[in-house]
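Everything below concerns the one structure shown next.
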Amino acid sequence: MSGHGEAIAMVARSGAALRGVAEVPGDKSISHRALILGALSVGETRVSGLLEGQDVLDTARAMRAFGAEVVRQGPGAWSVRGVGVGGFAEPADVIDCGNSGTGVRLIMGCMATSPITATFTGDASLRKRPMGRVTVPLALFGAEAYGRRGGRLPMTLVGAADPVPVRYTTPVPSAQVKSAVLLAGLNAPGETVVIEREPTRDHTERMLRGFGAQLEIEDLPEGRLIRLRGQPELRAQSVAVPRDPSSAAFPVCAALIVPKSDILVPGVSQNPTRNGLFTTLVEMGADISFETPREEGGEPVADLRVRFSNLRGIEVPPRRAASMIDEYPVLAVVAACAEGRTVMRGVRELRVKESDRIDAMARGLEACGVRVEEDEDTLIVYGLGAGGVPGGATCATHIDHRIAMSFLVLGLASKLPIRVDDGSPIATSFPAFEALMAGLGADIARVQR
Ligand code: S3P
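Be aware that the sequence shown starts at 1, since it is given in my numbering, and climbs by one per residue.
Take a look at the structure:
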């Protein structure tokens, strides 16, 4: 919710090796989509393994405001009685998406082609983030957006009464933009086409098909073309949400940099649009084995056995960026503990996440005694080798869960403890982070004031 609450200072110290099994929570991207597609379907969708982080809870609340019946049945078990494509009611109040860019952009997409008006807001982080990237294509359908300067929230979106289908090439590699256009296309007549030059996470496409939409995907020289037939009747589904590879990244990376660690992280997605971090870590020399590959909740998954490793810096291919976009902060931490430099190019999208993640990581790493270089689109980290990071600093998290978790992971392997000024945003995506890391033997604690 937009309040974001009181700051919670936290500290991580090096100590015992990490051991045990890390069962990370449900995937955030898939959880948002399960609620949204359930709300756009006819009948009762049942979801298991839903991530009960604040971002997803805010989306659940928003779906209720648009008329869906969303009920928590038990831990991770939710039911959604949808209103059908085009059935959204006009919300009686402002829609508060809290910290979630995915929530607000996807929801704007699915209301943009209905004759209703809604006003959106979010926390101080979300109110800084650009919404023009979705309101520009939504205007092509006939929707009108009135927001703050720079396309910032709060923003009112007036949905198109007579929407027209759209053909749109996304100017930035963003699954949120692609998804907003596809969700808007659901209630437009005819065929909506999205072309993305670089493939981004494909959960919307996979799940739309699962809910009964007609979707064709072609890989062309100019990129991936997605064709959606408008005005389908989406049918309620059972959705088993697989575990989140972006949350798995934290225990995985912690085990790689804390000496003698050996952990198992079961059921981690190997979806090629999400697994760039694991490919990169293996190239750096990480000892990760991918055991028992199988399918769960429509996603390819494997159990990851991860042992402490002496790592070396690499050049991460820029073409891989979209498949690991949320993992660069924790990769930067691993890079600080590797020998030699790690070069991350083609990462300008990091500047418009929950915080400017290039800046947040660069400043925090410098404070911990790590040399970095950056430009608009690049982050370079000069690794100090295993056990080489001095630490001993307080890092600012800028209301960004992944910055908070990344520096806490670094504190498990640095010479002196590392503090973060505010770990409260961790609850947006990984409420069980502290308990899970403690279960592995990590020394992460709240700082008493
Ligand atoms: C997401 C897409 C990505 C990612 C975010 C989740 C999604 O954002 O960073 O955490 O669920 O579609 P962009 O689409 O802005 O790259």
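Backbone N, C-alpha and C define an ideal beta-carbon position, used for all residues, glycine too.
Query                                                                                                                                                                           : Result
Would you grab the beta carbon distance between Arg-357 and Tyr-328 for me? Rounded to a whole angstrom, and I think it's under 8 Å.                                            : 6 Å
Taking C-beta to C-beta, are Gly-313 and Thr-273 nearer than 7 Å?                                                                                                               : no
What did DSSP end up calling Ser-2 once you bin it into helix, strand or coil?                                                                                                  : For Ser-2, the predicted model reports a pLDDT of 48, less than 50, meaning its position is unreliable and no value from the coordinates is stated.
When the Cα of Arg-402 is compared with those of Gly-20, Phe-66 and Lys-28, which residue comes out closest?                                                                    : Lys-28
Spell out a yes or no on whether the stretch 54-63 and the stretch 299-310 are touching, meaning 3 or more CB-CB pairs, one atom from each, closer than 8 Å.                    : no
In whole angstroms, what is the alpha-carbon distance linking His-398 and Ala-9?                                                                                                : 12 Å
Return the Cβ separation of Phe-308 and Pro-245 in integer angstroms, given the expectation that the two are a contact with Cβ distance under 8 Å.                              : Not a contact, Cβ separation roughly 20 Å.
Pull up the distance between the alpha-carbon of Gly-84 and that of Val-194, whole angstroms please.                                                                            : 22 Å
To the nearest angstrom, how far is the alpha carbon of Pro-232 from that of Leu-350?                                                                                           : 35 Å
Specify, as a first and last residue, the run of the alpha helix (DSSP H) that Ala-175 falls within.                                                                            : 175-185
Whose C-alpha, out of Met-405, Arg-449, Ala-240 and Gly-364, is nearest the C-alpha of Glu-455?                                                                                 : In the structure as shown, the chain starts at 1 and stops at 449, and residue 455 therefore has no counterpart that could be examined.
So Ala-60 packs on Val-70, CB below 8 Å; how close in whole Å?                                                                                                                  : 5 Å
Reducing DSSP to helix, strand and coil, say where Glu-315 ends up.                                                                                                             : strand
DSSP three-state label for Gly-383, please.                                                                                                                                     : strand
Please determine, among Gly-230, Lys-353 and Lys-178, the residue with the shortest C-alpha to C-alpha distance to Arg-224.                                                     : Lys-178
Rounded to whole angstroms, what is the Cα-Cα separation between Glu-198 and Leu-220?                                                                                           : 11 Å
Compute every distance between the C-beta of Gln-54 and the non-hydrogen atoms of the ligand S3P, then say whether any falls below 6 Å.                                         : no
Can you say whether Asp-202 is buried or exposed, counting buried as having 16 or more other CB atoms within 10 angstroms of its CB?                                            : buried
Compute every distance between the C-beta of Thr-170 and the non-hydrogen atoms of the ligand S3P, then say whether any falls below 6 Å.                                        : no
Using a 10 Å radius around the Cβ and a threshold of 16 neighbouring Cβ atoms, would you call Tyr-168 buried or exposed?                                                        : buried
Out of Ala-180, Asn-187, Gly-210 and Asn-310, point me to the one whose CA is closest to Val-136's CA.                                                                          : Ala-180
How big is the Cα-Cα spacing for Asp-443 and Ser-261?                                                                                                                           : 14 Å
Give me, in chain order, the residues of the same chain whose beta-carbon lies closer than 8 Å to that of Gly-230; leave out the 5 immediate sequence neighbours on both sides. : Pro-165, Gly-185, Leu-186, Asn-187, Ala-188, Pro-189, Gly-190, Glu-191 and Thr-192
With a threshold of 8 Å, are at least 3 pairs of Cβ atoms found where one atom belongs to the stretch 150-160 and the other to the stretch 109-129?                             : yes
State buried or exposed for Arg-105, treating a residue as buried only when at least 16 other CB atoms are found within 10 Å of its CB.                                         : buried
If you drop the 5 nearest sequence neighbours on each side, which residues of the same chain put their C-beta closer than 7 Å to that of Ala-336?                               : Leu-365, Val-370, Val-381, Gly-383, Leu-384, Val-389 and Leu-410
Please decide whether Ala-321 counts as near chain D, where near means a Cβ-Cβ distance under 7 Å.                                                                              : Absent from the structure: chain D. Only one protein chain is present.
Suppose you measure from the CA of Glu-6 to the CA of Gln-214; what does that come to, to the nearest Å?                                                                        : 45 Å
Who pairs with Thr-192 in a beta bridge, going by DSSP?                                                                                                                         : Leu-228
May I ask whether a heavy atom of the ligand S3P can be found less than 6 Å away from the beta carbon of Asp-326?                                                               : yes
Residue range of the alpha helix (DSSP H) that Glu-283 falls in?                                                                                                                : 276-283
From what residue to what residue does the alpha helix (DSSP H) around Glu-374 run?                                                                                             : Per DSSP, Glu-374 belongs to no alpha helix (DSSP H); it is in the beta strand (DSSP E), 371-375.
Thinking Leu-50 and Ala-34 are a contact (beta carbons under 8 Å), I'd like their distance in whole angstroms, please.                                                          : 7 Å
Report the three-state DSSP secondary structure of Pro-329 (helix, strand or coil).                                                                                             : helix
Count the other CB atoms, across all protein chains shown, that sit within 10 Å of the CB of Gln-448; report buried if there are 16 or more and exposed otherwise.              : exposed
Can you determine whether any heavy atom of the ligand S3P sits closer than 6 Å to the C-beta of Ala-175, and answer yes or no?                                                 : yes
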